[in-house]
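Peer 1: First the structure, then my questions, so here it is.
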Amino acid sequence: MTRYAKDQRVPVTLAVNGHEYRRWIEPRLLLSDFLRDELGLTGTHVGCEHGVCGACTILFNGAPVRSCLKLAIDVGDGQITTIEGLVKDDEFDAFRQAFSQNHALQCGFCTPGVVVSVWEALKRASDSESVDWNDVLSGHLCRCTGYVGIRRAIMALQAKGGGKTEA
Amino acid sequence: MKPAPFDFIRPESVDDIISILSHTADAKLLAGGQSLIAMMNMRLARPSALVTLHGVPGLDAIEEKDGAVTVGAMVVQERMRCLMSRRREFGALAEGIGYIGHPQTRSAGTVGGSIVHADPSAELPLLLQVYRGSLETVGPSGSRHIAAEEFFQFPFTTALAPDEILVATHWPVPTISSGGSFREFARRRGDFAIVAVACHISIEDRRLIDGRLGAAGVAGKAVTVDLPPDLRGRPLITEEAATYWLEMLMPLLDPPDDLEASSDLRRTLVRTLSREVIAEAWVRAQGGTP
Chain G
1 MTRYAKDQRV
11 PVTLAVNGHE
21 YRRWIEPRLL
31 LSDFLRDELG
41 LTGTHVGCEH
51 GVCGACTILF
61 NGAPVRSCLK
71 LAIDVGDGQI
81 TTIEGLVKDD
91 EFDAFRQAFS
101 QNHALQCGFC
111 TPGVVVSVWE
121 ALKRASDSES
131 VDWNDVLSGH
141 LCRCTGYVGI
151 RRAIMALQAK
161 GGGKTEA
Chain V
168 MKPAPFDFIR
178 PESVDDIISI
188 LSHTADAKLL
198 AGGQSLIAMM
208 NMRLARPSAL
218 VTLHGVPGLD
228 AIEEKDGAVT
238 VGAMVVQERM
248 RCLMSRRREF
258 GALAEGIGYI
268 GHPQTRSAGT
278 VGGSIVHADP
288 SAELPLLLQV
298 YRGSLETVGP
308 SGSRHIAAEE
318 FFQFPFTTAL
328 APDEILVATH
338 WPVPTISSGG
348 SFREFARRRG
358 DFAIVAVACH
368 ISIEDRRLID
378 GRLGAAGVAG
388 KAVTVDLPPD
398 LRGRPLITEE
408 AATYWLEMLM
418 PLLDPPDDLE
428 ASSDLRRTLV
438 RTLSREVIAE
448 AWVRAQGGTP
C-alpha cells in the first residue's frame with residue numbers, strides 16, 4: 001500500500017500517443033490538465049470539467065473517455081491517445097477532409113473530442129459491429145453545426161471505408 | 168473546476184482497503200470517477216483522502232455459476248452492456264445500461280460505483296432490484312450478502328457500513344422464457360432520468376408465471392412490485408391486466424416536485440412507460456423482438 005500526501009509531488013510515467021512521459025505531479029492533477037499543461041498537448045480541450053460537454057474526450061486503452069474525470073496519478077499503465085496521436089495516422093487526412101467538406105465544425109471547440117469519439121466508433125463499425133450514432137454523438141455538445149454536418153461527415157467517411165451502419 | 172487537494176492512497180488488496188476505511192476518517196473509494204470526480208471538480212465533495220480501486224485484484228471479473236451472474240464491482244458499465252446484450256433472458260439489462268450517461272462515460276463508469284452511489288434516479292440500482300439481485304460486501308468482520316431491496320435506503324444512502332466495500336453484485340439468471348424492457352424519460356439524452364421504468368416477465372407454457380415491475384426517479388429509492396398473484400397463469404397480458412399491475416406500484420411513489428418535472432408529470436410518466444414496458448417485456452418473453 002502506498003500513500004501520497006496532498007501536497008506531495010509524485011513521480012508518474014504515462015504512455016501518451018506511443019511515448020512515455022515522466023513527470024512529478026500533485027495527486028489532484030486531472031488527466032486533461034496533465035495533457036495540456038505538463039505535456040503541451042493542447043488539442044485536448046477543457047470545457048465543462050464535469051464530464052458533460054465531451055471536449056476533453058481521449059482514447060484510454062482504445063475506448064473513448066473523459067480526461068477531465070480521470071486523475072493523472074490514477075492512469076497507471078493505460079495507453080492514452082489524444083487528437084495529436086490520431087493526426088499522425090495515415091487515415092487522418094480523409095478524416096480532416098470529410099469534416100471540412102461537410103461543415104462538421106465551425107468554432108472547433110468540440111471538434112477534438114468529437115473526432116476522437118467518431119474515430120473509435122468508425123473502427124467498431126468497420127468491424128461490422130452496429131453503432132448507435134445518436135448515442136455516440138450524445139456525448140458531445142456542439143453548438144455550431146446542429147450535428148447535421150457531423151453526421152454528413154460520418155456518412156462520407158463510411159461511404160469511403162465501407163462501414164456497415166447508417167449515420 | 169479543479170478538485171480540492173486530497174491524499175492519494177493506492178491499496179494492494181481488499182484487506183488494505185478495509186484497514187484504510189477503518190482508520191482514515193473521510194476517505195472515499197475511487198472507482199470509475201464518473202460521479203465522484205465530477206462532484207470533486209465542482210467541490211461538492213472534498214474527501215481528505217482518495218483510495219483508488221484501480222489495480223486492486225479480484226474486483227473486475229464477470230462469472231456465471233449456481234444460476235447467477237456475478238459482476239465484480241469494478242466492471243465497467245459498457246462491458247456489462249455488451250455482454251448482456253447477448254442474453255435475451257436479461258432483456259431489460261443491456262437496454263437499461265444503455266441509458267446511463269454516454270458511451271464515453273460508460274467506458275469508465277463502473278457497475279459497483281453506480282450502485283453504491285445510490286442515486287434515486289439511476290438505472291443500475293433499479294435494474295438490480297427488478298432482477299432480484301444481491302450484493303456482496305466485505306468489512307472488518309468478514310463478508311455479507313445483502314438483498315438489493317435492503318441495500319438501498321434513501322437517496323445516496325445504502326446499507327454499506329463506513330468500513331465496508333462492495334466487491335460484487337449477483338444477478339440471478341431468469342428462466343430462458345423471460346423478457347424484459349426498460350424505458351426512460353429525460354430532457355436530454357444521457358441526462359439524469361426524470362422517470363425510468365423497467366419490467367421483467369417470465370412465462371411457462373405460454374402462461375405468465377413471474378415478473379417484476381419497477382420505477383426510479385419517483386421516490387428516495389427505486390420502487391418495485393412483483394407480478395400480482397391473480398395474474399399468474401394468464402395466457403395474455405391485456406391492457407386491463409397491465410393497468411391492474413402498475414396501479415399496485417403507484418402507492419409506493421413519492422415523486423419529487425422540482426424544476427425538471429412536477430410530481431404529477433412523474434406519475435403520468437410512470438403510468439405511460441409502465442404500460443409500454445409491460446407490453447414489450449411480454450412480447451419479448453414469447454420470443455418476439457418488437
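As they're listed, the protein sequences go chains G and V.
Numbering of the first sequence is given in my numbering, commencing with residue 1 and proceeding in unit increments.
Numbering of the second sequence is given in my numbering, commencing with residue 168 and proceeding in unit increments.
From the three backbone atoms N, C-alpha and C, an ideal C-beta is built for every residue, glycine too.
(1) Taking only runs that begin and end inside the stretch 304 to 375 of chain V, name each unbroken alpha helix (DSSP H) of 4 or more residues, in chain order.
(2) Which class does G149 of chain G belong to by DSSP, given the choice of helix, strand or coil?
(3) Does the beta carbon of Y4 of chain G come closer than 8 Å to any beta carbon on chain V?
(4) Are the beta-carbon atoms of A216 of chain V and A240 of chain V separated by less than 8 Å?
(5) Using 8 Å for Cβ pairs, my map puts L141 of chain G next to C107 of chain G. What's the rounded Cβ distance?
(6) Does any C-beta atom of chain G lie closer than 8 Å to the C-beta of P170 of chain V?
(7) Identify the continuous alpha helix (DSSP H) that holds E256 of chain V and give its terminal residues.
(8) May I ask you to list the residues that DSSP assigns as paired with L196 of chain V?
(9) In its own chain, which residues sit with a C-beta less than 7 Å from the C-beta of A408 of chain V, not counting the 5 before and 5 after it?
(10) Taking only beta-carbon positions, decide if E351 of chain V is within less than 8 Å of chain G.
(11) Which of helix, strand or coil does DSSP assign to V437 of chain V?
(12) Let me know if K164 of chain G comes out buried or exposed under the rule of 16 or more other beta-carbons within 10 Å of its beta-carbon.
(13) Are there three or more Cβ pairs, one per stretch, closer than 8 Å when the stretch 190 to 204 of chain V is compared with the stretch 274 to 285 of chain V?
(14) Helix or strand or just coil, what does DSSP make of A382 of chain V?
(15) Which partner residues of T391 of chain V appear in the DSSP bridge assignment?
(16) If you follow the beta strand (DSSP E) that R177 of chain V is part of, which residue opens it and which one closes it?
(17) From the DSSP output, in three-state form, read off F95 of chain G for me.
(18) Please state whether the Cβ-Cβ distance between L380 of chain V and W412 of chain V is less than 8 Å.
(19) Closest to L403 of chain V by CA distance: which of V:A360, V:R254, V:L327 and V:W449 is it?
(20) Whole-angstrom Cβ separation of G263 of chain V and E230 of chain V, contact assumed at under 8 Å?
(21) For the putative contact between A382 of chain V and A353 of chain V, defined by C-beta atoms under 8 Å, what is the C-beta separation to the nearest angstrom?
(22) Mind checking the stretch 16 to 34 of chain G against chain V and listing, in chain order, the residues whose C-beta falls within less than 9 Å of any C-beta there?
(23) Residues of chain G with a CB under 7 Å from the CB of H284 of chain V: which are they?
(24) Could you tell me the distance, in whole angstroms, from the CA atom of E101 of chain G to the CA atom of M155 of chain G?
(25) Please confirm whether A259 of chain V and G347 of chain V have their CB atoms less than 8 Å apart.
(26) For T70 of chain G, decide whether its Cβ has a neighbour in chain V, counting only Cβ atoms nearer than 8 Å.
(27) Is the stretch 91 to 101 of chain G in contact with the stretch 34 to 53 of chain G, if contact means three or more CB pairs nearer than 8 Å?
(28) Are the C-beta atoms of T57 of chain G and some chain V residue less than 8 Å apart?
(29) For a contact meaning CB atoms closer than 7 Å, what does R401 of chain V contact in chain G?
Peer 2: According to the structure shown:
(1) 315 to 318
(2) Residue numbering aside, residue 149 of chain G sits at position 149 when the first sequence is read from its first letter. G149 of chain G: helix per DSSP, three-state reduction.
(3) Counting from 1 along the first sequence, the entry for residue 4 of chain G is found at position 4. Yes, its Cβ sits closer than 8 Å to a Cβ of chain V.
(4) Taking the first residue of the second sequence as position 1, residue 216 of chain V is located at position 49. Taking the first residue of the second sequence as position 1, residue 240 of chain V is located at position 73. Cβ distance not < 8 Å, so A216 of chain V and A240 of chain V don't count as in contact.
(5) To locate residue 141 of chain G, count along the first sequence from 1; it is residue 141. To locate residue 107 of chain G, count along the first sequence from 1; it is residue 107. Going by Cβ atoms, the distance from L141 of chain G to C107 of chain G rounds to 12 Å, so no, they are not a contact pair.
(6) Position 3 of the second sequence, counting from 1, holds the residue named residue 170 of chain V. It does; some Cβ of chain G falls within 8 Å.
(7) What you label residue 256 of chain V is simply residue 89 of the second sequence in a count that begins at 1. Here E256 of chain V belongs to no alpha helix (DSSP H), and DSSP marks it neither H nor E.
(8) Mapped onto the second sequence, residue 196 of chain V falls at position 29. Paired residue(s): V:V218.
(9) The residue labelled residue 408 of chain V in the question sits at position 241 within the second sequence. Correct list, in chain order: L398 and R401.
(10) Taking the second sequence and counting its residues from 1, one reaches residue 351 of chain V at position 184. Taking Cβ atoms only, chain G never reaches closer than 8 Å to E351 of chain V, which makes this a no.
(11) As a working note, residue 437 of chain V is residue 270 in the second sequence. Looking at V437 of chain V - three-state DSSP - the assignment turns out to be helix.
(12) As a working mapping, residue 164 of chain G is identified with position 164 in the first sequence. At K164 of chain G the pLDDT is 47, less than 50, meaning the model places this residue with poor confidence; the figure from the coordinates comes in the next sentence. That one is exposed.
(13) yes
(14) Counting from 1 along the second sequence, the entry for residue 382 of chain V is found at position 215. Three-state result, A382 of chain V: strand.
(15) The residue labelled residue 391 of chain V in the question sits at position 224 within the second sequence. Paired residue(s): V:G381.
(16) Taking the second sequence and counting its residues from 1, one reaches residue 177 of chain V at position 10. From DSSP, the beta strand (DSSP E) with R177 of chain V extends over D174 to R177.
(17) On the first sequence, position 95 is the one that residue 95 of chain G refers to. Note: F95 of chain G maps to helix in three-state DSSP.
(18) On the second sequence, position 213 is the one that residue 380 of chain V refers to. On the second sequence, position 245 is the one that residue 412 of chain V refers to. It is a contact, given that the beta carbons lie within the stated cut-off.
(19) Counted from its first residue, the second sequence places residue 403 of chain V at position 236. Ranking the options by Cα distance to L403 of chain V, first place goes to V:W449.
(20) The residue labelled residue 263 of chain V in the question sits at position 96 within the second sequence. The residue labelled residue 230 of chain V in the question sits at position 63 within the second sequence. The Cβ separation is near 21 Å, so there is no contact.
(21) What you label residue 382 of chain V is simply residue 215 of the second sequence in a count that begins at 1. What you label residue 353 of chain V is simply residue 186 of the second sequence in a count that begins at 1. The pair is not a contact, with the Cβ atoms about 14 Å apart (cut-off 8 Å).
(22) E26, P27, R28, L29, L30 and D33
(23) Locating residue 284 of chain V in the second sequence gives position 117, counting from the first residue. Within 7 Å Cβ-Cβ: nothing; H284 of chain V doesn't reach chain G, min ~14 Å.
(24) Position 101 of the first sequence, counted from the first residue, corresponds to residue 101 of chain G. Position 155 of the first sequence, counted from the first residue, corresponds to residue 155 of chain G. For the record, residue 101 of chain G in the displayed sequence is Gln; it is not Glu. In a straight line, the C-alpha of Q101 of chain G is about 12 Å away from that of M155 of chain G.
(25) If you number the second sequence from 1, residue 259 of chain V lands on position 92. If you number the second sequence from 1, residue 347 of chain V lands on position 180. Cβ distance < 8 Å, so A259 of chain V and G347 of chain V count as in contact.
(26) Here residue 70 of chain G is taken as the residue at index 70 of the first sequence, counted from 1. According to the sequence as given, residue 70 of chain G is Lys; it is not Thr. It does: the Cβ of K70 of chain G has a partner Cβ on chain V nearer than 8 Å.
(27) no
(28) What you label residue 57 of chain G is simply residue 57 of the first sequence in a count that begins at 1. With 8 Å as the cut-off, T57 of chain G counts as an interface residue toward chain V.
(29) Locating residue 401 of chain V in the second sequence gives position 234, counting from the first residue. In chain order: nothing, as chain G lies at least about 35 Å away.
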